[in-house]
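Here's the structure we're looking at; comments come further down.
Residue numbers (the numbering used here): -13 to 129.
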């Protein structure tokens, strides 16, 4: 929730930010090699870029799908475990056109399932969750 005083200050400026879309979501991982393999083999993503931070400690890997401009996943290895727990992301959702096929594929790949079956919401949306190598939740979502 935005601080009320900050919200008023922003509104009084009469301007909005110029951001157009979400570029990437960063996920801290213990072993970047294991995580890259998971995101490629289980989720079908492609490694788009891999770099070492200027501090020489942090390793970064950007993964995405082949289709057009998109939001990417940034895997980050090397952050301190002493970082604050506030602001942790609950899950990352991947849009699919065939959720049943994704469910079957994830099972064949040996994914750890959070949901034992596909859930269907009253509006027809369908989803299920699996765990990534570091316990991150990954949702497969069909509209």
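No residue lacks a Cβ here, since even glycine has one placed at the ideal position from N, Cα and C.
* **Strand pairing of residue 87, partner residues [DSSP]** => Answer by DSSP bridge pairing: none, since residue 87 is not bridged.
query = Buried or exposed: residue 75, going by 16 or more other Cβ atoms within 10 Å of its Cβ?
reply = exposed
- request: Report the partner residues of residue 79 according to the DSSP bridge assignment.
  value: 125
Among all the DSSP beta bridges, which residues are the ones paired with residue 15?
63
| request: Look up residue 27 in the DSSP assignment and say whether it is helix, strand or coil. | output: helix
task = Please name the residue in 34, 43, 77, 41 whose C-alpha comes closest to that of residue 56.
result = 34
* Asked: Straight-line CA distance for residue 109 to residue 44?
  -> 42 Å
Keeping to the same chain, check which residues put their C-beta closer than 8 Å to that of residue 17; ignore five residues upstream and five downstream.
63, 119
Given a cut-off of 7 Å, decide if residue 123 and residue 111 are closer than it, judged by their beta-carbon atoms. no
Looking at C-alpha atoms only, which residue of 50, 20, 90 is the closest neighbour of residue 79? 50
(Q) Using DSSP's beta-bridge definition, name the partner residues of residue 56. (A) In the DSSP output, where bridge partners are listed per residue, residue 56 has none listed.
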